[in-house]
Amino acid sequence: MASNRHLGRIIALQTLFEQDFRRVAGDKTFDLEEVLARNIERYQATVDDKDFIIQLVKGVAKNEKALDEELQPVAPEWPIDQIARMDRVVLRMGLYELKHSKDVPPKVVINEAVELAKAFGSENSSKFVNGVLGTVLRNITGETSEKADPVPKEDKA
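Using the working numbering, read the sequence shown as starting at 52 and increasing by one per residue.
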C-alpha cells in the first residue's frame, strides 16, 4: 500500500501541477475532474487507492489559498508566487496531508514530499521542502526545542 500511495502522490502532483500551470497560462478550459480522471486512468492497472488520490487533489485544490497563507510565513523570503511551481505544489500537498491525513504519520508525509521534490524538483528543492515542512510540523505540534528559523532565501536558490 505504501508504494501505491507514493504513486498516488505522483499522480496528484501531476494533476495539481497541470492545474497551476494552465491557470497561470490563462487556460479557461481546464477541468480538474477531467484531468484527474485522465491521470488516474493512465495508471489504472497499478493504482488501488483512487480515493486517496481524489481526496488529496480535491483537498489541495479547495484549500489552496489557506495552504498558501499558512506556508508564506514559514518562508518569508519567498513569496508563494516566486517559489518554483513544482516546489509550491509539493509544499501544498505536504501541508494538506500534515493537517488532514490522520492515517499517515507526519514524518512519512514530509519524507514523501522530500522524495517528490528530489524526483521532480530542482537540485535544492528537497532541502527547501524539508525545511519548510519541518518548520510547519513544529508549528503544528508546538515543539519548541528545535524550533527552526524560517527558511532563508539562500537555501532555496
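Even for Gly, the Cβ is constructed at its ideal location relative to N, Cα and C.
DSSP on residue i, reduced to helix/strand/coil?
{"i": "T62", "result": "One detail in the question is off: residue 62 reads as Ile in this sequence, not Thr. In this structure, I62 counts as helix in the three-state DSSP scheme."}
{"i": "F68", "result": "helix"}
{"i": "N181", "result": "helix"}
{"i": "D138", "result": "helix"}
{"i": "S152", "result": "coil"}
{"i": "E85", "result": "helix"}
Suppose contacts are defined by Cβ-Cβ distances below 8 Å. Is residue i in contact with residue j by that definition?
{"i": "V98", "j": "I105", "result": "no"}
{"i": "M137", "j": "F171", "result": "yes"}
{"i": "P157", "j": "L149", "result": "yes"}
{"i": "L67", "j": "A112", "result": "yes"}
Using a 10 Å radius around the Cβ and a threshold of 16 neighbouring Cβ atoms, would you call residue i buried or exposed?
{"i": "A126", "result": "buried"}
{"i": "I61", "result": "buried"}
{"i": "A199", "result": "Caution applies to A199, whose pLDDT of 44 falls short of 50 and renders its modelled position unreliable; the value that the coordinates give is listed next. Exposed, because fewer than 16 other Cβ atoms sit within 10 Å of the Cβ of A199."}
{"i": "G193", "result": "exposed"}
{"i": "V180", "result": "buried"}
{"i": "E84", "result": "exposed"}
{"i": "Q65", "result": "buried"}
For residue i, collect the residues of the same chain with a Cβ closer than 7 Å to its Cβ; drop the 5 residues on either side in sequence, then sort them by chain order.
{"i": "E115", "result": "R143"}
Using a Cβ-Cβ cutoff of less than 8 Å, which residues in the same chain neighbour residue i once the five nearest sequence positions on both sides are dropped?
{"i": "P201", "result": "The predicted position of P201 is uncertain, since its pLDDT is 47 and thus under 50; a value taken from the coordinates is nonetheless stated next. Closer than 8 Å at Cβ, skipping near neighbours: P124, V125, A126, P127, E128 and T186."}
{"i": "Y147", "result": "L107, G110, V111, N114 and L118"}
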